[in-house]
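Notes for the one structure printed next.
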Amino acid sequence: MTSLACVAQASGLVKPEIVIYPQGMTPEVLQTVSKALDAVIRTLDDEDTKEAMRVRFKARDAVVSALRIHGYYNARVDLIVGTDAFGETWEVSVNSGPPAKVYQVNQHFSGAVSLPQFSERLQKIKDQWPLNKGDVFVNDNWSKAKSDTLTQLSQQDFYYARMIDTQAIVNTSNQRVILNTSYDSGPAVKLGTLQIEGLNRVPERLIHRYVRYSEGDPYDANTLSKWQQQLMSTEYFRGVFIFPDAQVSLNEQEVTVPLKVKVTEGPSKQITANVGWTDDVGPKAELLYKQYILFHSPLTLNSGIGVDKTQQKVFLDVYKPPNLDGTVDSFGTLFNHYDNDGEDVKRFALGWKRTHEFKLDERSRVLFNSEWGARLNYDWVTRDNDDKYSLPTVVATWTGMRRDVDDIYNPTRGNLVAIGLGAGIAGGSHSHRPFTRMDLRYQYWFSLSPKDIVTIRAQAGQVFADDQVTIPYDFGYRLGGARTLRGYRYEQFGQEIGDGVTVGAKAMMAAGVEYIHYFNDMLGMSTFIDMGNTARYIKDVEPVLGYGIGAVAKTPAGPFELQFAWGQKDRKLRIHFSLGMAF
């Protein structure tokens, strides 16, 4: 026996306690019946006590209607009213009986779809009708079948397709249902001239970059949807609507209609200022300026200034609109000043980058990212107790990432894999021999319970270069801080080359495990252990340990963590705080 009980008081009326005795009902049907009764007793707040009898009949009718939604047209419903110490009680006895089943399906199609050239497609639409003889007649399935058929019909060629008539005839004596549907496809639609509306600053050629067709091409909703998504991805528009725009006679067999692209432009400029504090570099500030149309061309200027304790930078990037394959190209220039652990580097750079974010299956949560890059660097390097020198380099990189998580910002289940490759060559007075790099990162999330999350992460990398080859400062590896090795200061580990001078090492390996318990939907506590180090070769890495506890708060940008970490090698306690995922 399954029961639903509800006791409440409002406006001097005691709502009845309800007990349901179901026979032959699935949990899904019982839930629908329970919701129907709940909707009725909520109206007691507005009913006069003299109308109690009417409300009881209303409750019984609601149960009968709820059962019919699931195909039970001969159900027996008894509502017995009683009393107990708390007031009125309703005992609802339900015997659903056998469900009504589809006995016959009659589909009728008129319009151009009935022409011989569309016979194969029409037969496919008929074959894909989901409600067949012997299926239980469920109202939701009936509604979905009708709308899905109309969608299949109107998705290609038949923009003006419509549903003419539908009918479900239920014979309650034998529980048989006859389904009748009638659709009119209207004329086959061909695309005519392109009409663009709403452009002000954005040049018209941007529309033509994506909306490509020849007059006379057949209408295809998927193609129009793709063009719409491509135009929205440029970030130049607040809204984009693409549709055939004409009043036509539905009795024609074929019509050619204009294709309208109606847009609403977005802002022309955007200025953003960010101020923050991290345990890695202390206070930091950033000012960003973005301009969406540059020199009357569909180009986006992205420039900014960033300042913190170890690094100051000025950059200017120009982004082209996305390519037809979804990739995005950008070109830029950078001046960067880096000063940390006895190494001072001033860099001027010119570069190109191509990014691509995509899914192999739009229905999947698995997301792929790839990034190609090439850069010309010119570094002026000063190291404590060493001569100054300049280092021109040419560097090419590629990074690929596969992300499969239940929530991008606050994951509880899933994994992330990233691979990085790099190659370059140094010029000037330094060796012209090449240097290469490869690194791998992995992170895995799983739940012990809805409030208990475990994260495992690991990463390793190796630079392949002769000892006499000088590599750029950011081509090597540094470890230490909230995002790599907790319990140690920011970038503490690298290659020590002199008194107080540490530069990027040619190999690194790190791993960590973290357990988070949430007390509620937002706040929790964590415990963790990290290990890792740098060396000349991965096989020579001698891991050091860091471990501790912390407080966690969920935010829209990811988990915020305040952590107390003990560095076993230094025998020091450090406080770390971070926002977002480790990778």
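Numbers 1 to 583, taken from the UniProt record's numbering, label the letters of the sequence shown in order. Using N, Cα and C, we set each Cβ at its ideal position, and we do this for glycine too.
Query raised in the report: Considering only C-alpha positions, which residue in the set Gly373, Ser154, Ser447 is nearest to Asn415?
Result: Taking the first residue of the sequence shown as 1, we reach residue 415 at position 415. Of the candidates Gly373, Ser154, Ser447, the one whose C-alpha sits nearest the C-alpha of Asn415 is Ser447.
Query raised in the report: What are the start and end residues of the beta strand (DSSP E) that includes Ala112?
Result: In the sequence shown, the residue the question calls residue 112 occupies position 112. Per DSSP, Ala112 belongs to no beta strand (DSSP E) and is neither H nor E.
Query raised in the report: Taking the alpha-carbon positions, what's the Thr300 to Thr149 distance?
Result: In the sequence shown, residue 300 corresponds to position 300, counting from 1. In the sequence shown, residue 149 corresponds to position 149, counting from 1. If you take the alpha carbons of Thr300 and Thr149, they lie about 43 Å apart.
Requested in this report: Please specify which runs of the alpha helix (DSSP H), each continuous and at least 4 residues long, are wholly inside the segment 380–446, giving them in chain order.
Outcome: none
Report task. Sort out for me which residues DSSP pairs Glu91 with in a bridge. Result -> Translated into the one-based positions of the sequence shown, residue 91 becomes position 91. Its beta-bridge partners are Val19, Ile80.
Report task. State the Cα-Cα distance for the pair Val81 and Glu88, rounded to the nearest angstrom. Result -> Looking up residue 81 in the sequence shown gives position 81. Looking up residue 88 in the sequence shown gives position 88. Each residue's alpha carbon lies about 7 Å from the other.
Query raised in the report: Is the segment 543–555 touching the segment 472–492, taking contact as three or more C-beta pairs under 8 Å?
Result: Verdict: yes, contact present.
Query raised in the report: Buried or exposed: Tyr537, going by 16 or more other Cβ atoms within 10 Å of its Cβ?
Result: For the purposes of this step, residue 537 is identified with residue 537 of the sequence shown, where counting begins at 1. Exposed: under 16 other Cβ atoms inside 10 Å.
Query raised in the report: Just the Cα atoms here: how many angstroms apart are Asn369 and Lys260?
Result: Here the question's residue 369 lines up with position 369 in the sequence shown. Here the question's residue 260 lines up with position 260 in the sequence shown. Cα to Cα, the separation comes out at about 33 Å.
Requested in this report: Identify the continuous alpha helix (DSSP H) that holds Trp142 and give its terminal residues.
Outcome: For this step, residue 142 is matched to residue 142 along the sequence shown. 139–154 is the extent of the alpha helix (DSSP H) around Trp142.
Report task. Quick one: give me the first and last residue of the alpha helix (DSSP H) that Asn222 is part of. Result -> Working through the sequence shown from its first residue, we reach residue 222 at position 222. Following the DSSP letters along the chain, one finds Asn222 inside the alpha helix (DSSP H) bounded by residues 221–233.
Query raised in the report: What's the C-alpha gap between Gly326 and Glu357?
Result: On the sequence shown, residue 326 is found 326 positions in, with the first residue counted as 1. On the sequence shown, residue 357 is found 357 positions in, with the first residue counted as 1. When rounded, the distance between both Cα atoms is 7 Å.
Requested in this report: Decide if Ser526 is buried, meaning its Cβ has at least 16 other Cβ atoms within 10 Å, or exposed.
Outcome: In the sequence shown, the residue the question calls residue 526 occupies position 526. With 16 or more Cβ atoms within 10 Å of its Cβ, Ser526 is classed as buried.
Query raised in the report: Since Tyr210 is in the alpha helix (DSSP H), which residue starts that stretch and which ends it?
Result: For this step, residue 210 is matched to residue 210 along the sequence shown. Membership of Tyr210 in the alpha helix (DSSP H) is indicated by the continuous run 204–210.
Report task. With Lys269 as the anchor, note down where its beta strand (DSSP E) starts and where it stops. Result -> Translated into positions along the sequence shown, residue 269 becomes position 269. Run containing Lys269: 269–278, per the beta strand (DSSP E) assignment.
Query raised in the report: Any beta-carbon of chain B closer than 8 Å to the one on Glu542?
Result: In the displayed structure, chain B is absent; only one protein chain is listed.
Query raised in the report: Looking only at C-alpha atoms, which of Asp220, Tyr210, Ala285 sits nearest to Phe243?
Result: By 1-based counting over the sequence shown, the position of residue 243 is 243. Nearest option by C-alpha distance: Asp220.
Report task. Identify whether residue 605 lies in helix, strand or coil by the three-state DSSP scheme. Result -> Past the edges of the chain, shown from 1 to 583, lies residue 605, and the structure says nothing about it.
Requested in this report: Look at the alpha carbon of Gly306 and the alpha carbon of Gln312, and state the distance between them as a whole number of angstroms.
Outcome: Residue 306 sits at position 306 when you count from the first residue of the sequence shown. Residue 312 sits at position 312 when you count from the first residue of the sequence shown. Taking the straight line from one Cα to the other gives about 6 Å.
**Report entry** Inter-stretch contact (C-beta, 8 Å, three-pair minimum) for the segment 131–149 and the segment 208–220
**Finding:** no
Requested in this report: Would you mind giving the Cβ-Cβ distance between Gly420 and Thr399, rounded to the nearest angstrom? I have them listed as a contact below 8 Å.
Outcome: Residue numbering aside, residue 420 sits at position 420 when the sequence shown is read from its first letter. Residue numbering aside, residue 399 sits at position 399 when the sequence shown is read from its first letter. Right, their Cβ atoms sit about 5 Å apart.
**Report entry** Buried versus exposed call for Lys269 [16 or more other C-beta atoms within 10 Å across all chains shown]
**Finding:** Taking the sequence shown and counting its residues from 1, one reaches residue 269 at position 269. Lys269 should be labelled exposed.
Requested in this report: Tell me whether Leu30 sits in a helix, a strand or coil according to DSSP, three-state version.
Outcome: By one-based count along the sequence shown, residue 30 stands at place 30. Note: Leu30 maps to helix in three-state DSSP.
Query raised in the report: Are Gln492 and Gly476 closer than 8 Å when you measure CB to CB?
Result: The residue labelled residue 492 in the question sits at position 492 within the sequence shown. The residue labelled residue 476 in the question sits at position 476 within the sequence shown. No, they are not a contact pair.
Query raised in the report: Is it the case that the Cβ atoms of Gly373 and Ala349 are separated by a distance below 8 Å?
Result: In the sequence shown, residue 373 corresponds to position 373, counting from 1. In the sequence shown, residue 349 corresponds to position 349, counting from 1. No. Outside cutoff.
Query raised in the report: Helix or strand or just coil, what does DSSP make of Leu479?
Result: Numbered from its first residue, the sequence shown carries residue 479 at position 479. Correct three-state label for Leu479: strand.
Query raised in the report: What does a CB cutoff of less than 6 Å around Ala112 pick up in its chain, not counting 5 residues either side in sequence?
Result: In the sequence shown, counting from the first residue as 1, residue 112 sits at position 112. Closer than 6 Å at Cβ, skipping near neighbours: Ser185, Pro187, Ala188, Gln253.
**Report entry** Arg365 (DSSP reduced to helix, strand or coil)
**Finding:** Start at 1 with the first residue of the sequence shown, and residue 365 comes out as number 365. It is coil, neither helix nor strand.
Report task. Note down, one range per segment and in chain order, each beta strand (DSSP E) of at least 3 residues found wholly within the segment 466–514. Result -> 495–498, 501–503
**Report entry** CB-CB length for Pro298 against Leu206, believed under 8 Å
**Finding:** What you label residue 298 is simply residue 298 of the sequence shown in a count that begins at 1. What you label residue 206 is simply residue 206 of the sequence shown in a count that begins at 1. Rounded, the Cβ-Cβ distance is 4 Å, consistent with contact.
Query raised in the report: Starting from Asp329 and walking both ways along the beta strand (DSSP E), at which residues does that stretch end?
Result: Here residue 329 refers to the residue found at position 329 when the sequence shown is read from its first residue. Note, Asp329: beta strand (DSSP E), 328–340.
Query raised in the report: Taking Phe335 as the reference, which of Asp341, Arg347, Leu324, Arg68 has the closest Cα?
Result: Mapped onto the sequence shown, residue 335 falls at position 335. Among Asp341, Arg347, Leu324, Arg68, the Cα nearest to that of Phe335 belongs to Arg347.
Query - Residue nearest to Ile516 in terms of C-alpha spacing, selected from Pro321, Gln568, Lys451, Gly498 - result: As a working mapping, residue 516 is identified with position 516 in the sequence shown. Ranked by how close their Cα comes to the Cα of Ile516, the residues Pro321, Gln568, Lys451, Gly498 have Lys451 in first place.
Query raised in the report: Applying the criterion that 16 or more other CB atoms from any shown protein chain within 10 Å of the CB defines a buried residue, is Lys572 buried or exposed?
Result: Reading the sequence shown from its first residue, position 572 is the one you call residue 572. Exposed, since its Cβ has fewer than 16 Cβ neighbours within 10 Å.
Query - Neighbour-count burial assignment, Thr470, 16 or more Cβ in a 10 Å radius - result: Stepping through the sequence shown from its first residue, residue 470 is reached at position 470. With 16 or more other Cβ atoms within 10 Å, it is buried.
Query - Candidates Thr256, Asn302, Pro322, Ala168: closest to Val136 by CA position - result: Residue 136 sits at position 136 when you count from the first residue of the sequence shown. Of the candidates Thr256, Asn302, Pro322, Ala168, the one whose C-alpha sits nearest the C-alpha of Val136 is Ala168.
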